[in-house]
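Engineer: One rule links them: number in this note's numbering = place in the sequence shown (from 1) + 141.
Dropping the structure in here first, questions after.
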Amino acid sequence: MDAESWLGLSGALTAVLGVYYAWRALDHAAVEQSRASFVKQRTDLRHRFVQLCEMAADIHLFARPSLERIGGSSLLWEEAMRPPAPLPLSAVTVEWQDASPPVNHTVLRAARRCLPKESKAHRYERYSAAMGTLARPTLFEDRPSFRLVRADWSEPDGPRLVFGIGTYFDLIDQNEAVAHELAVATQRRPQERPPWRALPMRRLLADDPLLLAERVVLPSVATLTLRRTPDGQGTFFLLYREAGHVATGEGTYGPIPAGMVQPASFSPLAHRRDLDLWRTIMREYNEELLGAPEAKGDSGTEVDYDQPPYSLLNAALADGTLRVWCLGMALEPLNLAVCILTVAVFEAHTFDTVFAEAVEHNEEGKVISGPRVNGTLTGLPLDAVSVDDLPASRMSPPAEGLLRLALQHKDVLLSDPSSPQATVTGG
C-alpha cells in the first residue's frame, strides 16, 4: 500500500474515531442532563411541597369519597382509620406477624418512569438508588422498619395494629416516587390537576391508597407535644425540617417528635422488643428534643429503657403527669405515607424536668419552642389565633392535622389529670 493510501486510511480511521467519541460525549451529556433534571425536579418538589399536598388531597378525595380532610388540612383519613374518640395509647394493641413484604411489580414499574438515566441504556432501578447517588440527605440509611400488615381501629377490645418487617428504602422507592411523579406532571401548569395518564403510579393506588396486602406501608408516629400549665392552658412545639437533612418533608414545619416505627438495634430480638409505639415516641423525644444520636444499635447494643430520659418519661406516665392519647392514623396525600397520630400532654413541671437540657437544633432541623424563659421551653400558645397564624405554605400535613385535632379535642386533652375524664392515661 503506497503512502497516499495509508494517509487516506489513516484519515478515515481518524474520522470514525472522532464520530465515535463525539457520540460517546453526546451519550454522556444525555445521561448527565437526565440526572440534573432529576435533581432539579426534587428541588421543585421541595419548594412546592404544601401546594402539591393540597392538589394530591383533592385528587384522592375525588377518587375515594370516603376520605376526608382533617380539620381542613390536607391530611386525610376515613372512618375505618380512627377510633370514635381520642383514647389512651395503652388501649392500642400492637402485634407481630412473620410475613414477607409484598412486591408490587406494576407499581414499581410505574415508579421507574420518573427515574433518571444511570447509563446510556439503563435507568436507575429504584428511587432510593437515584436519590442516594444524586440527592442524598444527611439522614439516609436503609434500616429495618416495621411494616403495617393490618389495622383494625373498630375492634371491641380496642384498636389492633399488626406489623411485619420491611426496610426504609421500601418506603422511599414508593413514597418519594409518587410525590415526584405529581411534581413533574404539574411543572408547566402548577394550578391545573393533571390527567390520570400523567400519574400512572398514583392511579394504581387511587382506589385504595393503603392497599396493605399489595404494597409496603411503613408507618411513622407523629406526636404533638403539649405543655399544660397549672391554669389549664396549653402550648405546643414544632420542628423545622431543614433542607438537605431529611429525606421527606424538607423545608416544612412538622410535629415533634416524629419518627418511623423501627427497631432501635440490630440485635436479633430487637424487632420484638422495640415493636412498641410508646418506646418509639420515647426514643424520638431523646433524639429530637434532647439531641441524642439516633438509636441504631449498629453493634447490637439495645436501648436501656431503665435509664434517663426513658425512666423519667415512664415515671411521668405512671403518675399521670404525662398522658399520651391516640387519635387514629392518617394518610399524607402527596407521598401516600401513613402516620399514627398521637398527642402527649405533659404537666408543665414534668415537662420542664424531663427536658431541662432541651436543644435548639437536632440532626433533622430546628426546634420551634417559642420564647425560652430562664432556659425553659415555653412553647407556642395552643389556640385558634396562634394556629391560624402559622405559615400555611410551610406546614406539613401531620403538623397541621394534629393541631386542628388538638383544638377540636382541647377540653379533653387539657383537662385536669385528676378529673374523671382524665383518670385513664396512655402508655
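For every residue, glycine included, the Cβ atom is placed at its ideal position computed from N, Cα and C.
In its own chain, which residues sit with a C-beta less than 6 Å from the C-beta of Lys-507, not counting the 5 before and 5 after it?
Structural biologist: Tyr-381
Engineer: Please list the terminal residues of the continuous alpha helix (DSSP H) segment that includes Ala-326.
Structural biologist: Per DSSP, Ala-326 belongs to the alpha helix (DSSP H) from 318-326.
Engineer: Put Thr-279 into one of helix, strand or coil per three-state DSSP.
Structural biologist: coil
Engineer: Report the residue from Arg-464, Glu-541 and Thr-376 whose alpha carbon sits nearest the alpha carbon of Ser-560.
Structural biologist: Arg-464
Engineer: Where do the N-terminal and C-terminal ends of the alpha helix (DSSP H) with Trp-419 fall, by residue?
Structural biologist: 418-429
Engineer: Tell me the residue span of the alpha helix (DSSP H) that contains Lys-551.
Structural biologist: Unbroken alpha helix (DSSP H) run through Lys-551: 551-554.
Engineer: Pull the bridge partners of Arg-250 from the DSSP assignment, please.
Structural biologist: According to DSSP, which records beta bridges pairwise, Arg-250 is partnered with nothing at all.
Engineer: Looking at the unbroken alpha helix (DSSP H) that takes in Ser-527, where does it start and where does it end?
Structural biologist: 525-530
Engineer: Who are the near neighbours of Val-233 in its chain, counting only those whose CB is closer than 6 Å to its CB and skipping five residues on each side?
Structural biologist: Once the five neighbours on either side are set aside, the close Cβ partners of Val-233 are Pro-300 and Cys-467.
Engineer: Pick helix, strand or coil for Tyr-265, following the three-state DSSP scheme.
Structural biologist: coil
Engineer: Does the beta-carbon distance from Gly-213 to Arg-420 come in below 8 Å?
Structural biologist: no
Engineer: Are the CB atoms of Glu-391 and Glu-504 within a distance shorter than 8 Å?
Structural biologist: no
Engineer: Rounded to whole angstroms, what's the CA-CA distance from Arg-277 to Asp-298? Just pull it up for me.
Structural biologist: Between the alpha carbons of Arg-277 and Asp-298 lies a distance of about 44 Å.
Engineer: Can you round the beta-carbon distance between Val-319 and Arg-343 to whole angstroms, since I take them to be within the 8 Å contact cut?
Structural biologist: Separation of the CB atoms of Val-319 and Arg-343 is rounded to 5 Å, and the pair is thereby assigned contact status at 8 Å.
Engineer: Below 8 Å on the Cβ atoms is my contact criterion, and I expect Ile-397 with Leu-430 to pass it. Report the Cβ-Cβ distance as a whole number of Å.
Structural biologist: 7 Å
Engineer: Whole angstroms is fine: what's the gap from Leu-346's alpha carbon to Leu-289's?
Structural biologist: C-alpha separation (whole angstroms): 16 Å.
Engineer: In whole angstroms, what separates the C-alpha of Glu-355 from that of Asn-316?
Structural biologist: A direct Cα-to-Cα measurement between Glu-355 and Asn-316 gives close to 14 Å.
Engineer: Please list the terminal residues of the continuous alpha helix (DSSP H) segment that includes Thr-491.
Structural biologist: 489-495
Engineer: Inspect the beta-carbon positions of Cys-480 and Glu-488 and report whether they are closer than 8 Å.
Structural biologist: no
Engineer: Residue range of the alpha helix (DSSP H) that Ala-347 falls in?
Structural biologist: If you look at Ala-347, you'll find it in the alpha helix (DSSP H) that goes 341-347.
Engineer: Since Ser-452 is in the alpha helix (DSSP H), which residue starts that stretch and which ends it?
Structural biologist: 451-460
Engineer: Does the Cβ of Ser-406 have 16 or more other Cβ atoms within 10 Å, making it buried, or fewer, making it exposed?
Structural biologist: buried
Engineer: I need the boundaries of the alpha helix (DSSP H) containing Met-401, first residue and last residue.
Structural biologist: No alpha helix (DSSP H) contains Met-401, which is instead part of the beta strand (DSSP E) from 399-401.
Engineer: I'd like to know whether the C-beta atoms of Ala-485 and Ile-422 end up nearer to each other than 8 Å.
Structural biologist: yes
Engineer: Within 10 angstroms of its Cβ, does Gln-403 collect 16 or more other Cβ (buried), or is it exposed?
Structural biologist: buried
Engineer: Report the rounded CA-to-CA distance for Val-172 versus Arg-334, giving the unit in angstroms.
Structural biologist: 30 Å
Engineer: My output table needs one value for Gly-299: the three-state DSSP class, helix, strand or coil.
Structural biologist: coil
Engineer: For Pro-225, count neighbouring C-beta atoms within 10 Å of its own C-beta (all shown protein chains included) and say buried if the count is 16 or more, exposed if not.
Structural biologist: exposed
Engineer: Leu-216 and His-201 look like a contact to me (Cβ under 8 Å); what is the Cβ gap, rounded to whole Å?
Structural biologist: Leu-216 to His-201, Cβ: 11 Å. No contact.
Engineer: Between the region 363-378 and the region 515-522, are three or more C-beta pairs nearer than 8 Å?
Structural biologist: yes
Engineer: Would you call Ser-295 buried or exposed, if buried means 16 or more other Cβ atoms sit within 10 Å of its Cβ?
Structural biologist: exposed
Engineer: Pull up the distance between the alpha-carbon of Asp-524 and that of Pro-206, whole angstroms please.
Structural biologist: 30 Å
Engineer: Please determine if the region 321-331 and the region 177-185 are in contact, where contact requires at least 3 C-beta pairs separated by less than 8 Å.
Structural biologist: yes
Engineer: My guess is that Ala-363 and Leu-482 are in contact by the Cβ rule of under 8 Å, so how many angstroms apart are they, rounded?
Structural biologist: Between Leu-482 and Ala-363 the Cβ distance is about 6 Å, and since that is below 8 Å, they are a contact.
Engineer: Cβ of Ser-269 within 8 Å of Cβ of Ile-313?
Structural biologist: yes
Engineer: Report the partner residues of Phe-378 according to the DSSP bridge assignment.
Structural biologist: According to DSSP, Phe-378 bridges with nothing at all.
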